[in-house]
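Position 60, counted from 1, in the sequence shown is what my numbering calls 96; the numbers after and before it change by one each time, with no gaps.
In this text, a Cβ means the ideal position worked out from N, Cα and C, and glycines have one as well.
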Amino acid sequence: MNQLLTEKEVARALNVSVSTVRRDRYKDRKGLVPELKYSKIGSCVRYKPEDVQKFIEQKQAA
Numbered sequence: 037m038n039q040l041l042t043e044k045e046v047a048r049a050l051n052v053s054v055s056t057v058r059r060d061r062y063k064d065r066k067g068l069v070p071e072l073k074y075s076k077i078g079s080c081v082r083y084k085p086e087d088v089q090k091f092i093e094q095k096q097a098a
């Protein structure tokens, strides 16, 4: 089973602040689609490493 990533780990991988990662996630509350897929386990937010890698590859290709 793959290890899920915290928002701090995702921010480090993307070289952005944790606030930027959170801001993307809050798009979901406004009816918009967040760029990064995430899961909530209780109050914890986690990201799949393969989703983060796919996001990075999409941004590099653009």
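Query	Result
Taking only three categories from DSSP, how would you classify Tyr83?	strand
Per DSSP, Ser75 is paired with what?	Arg82
Residues bridged to Leu41 by DSSP?	Tyr83
Check whether the Cβ atoms of Ile92 and Ala49 sit closer than 9 Å, and answer yes or no.	yes
Taking the C-alpha atoms as reference points, what is the distance between Glu86 and Ser53?	20 Å
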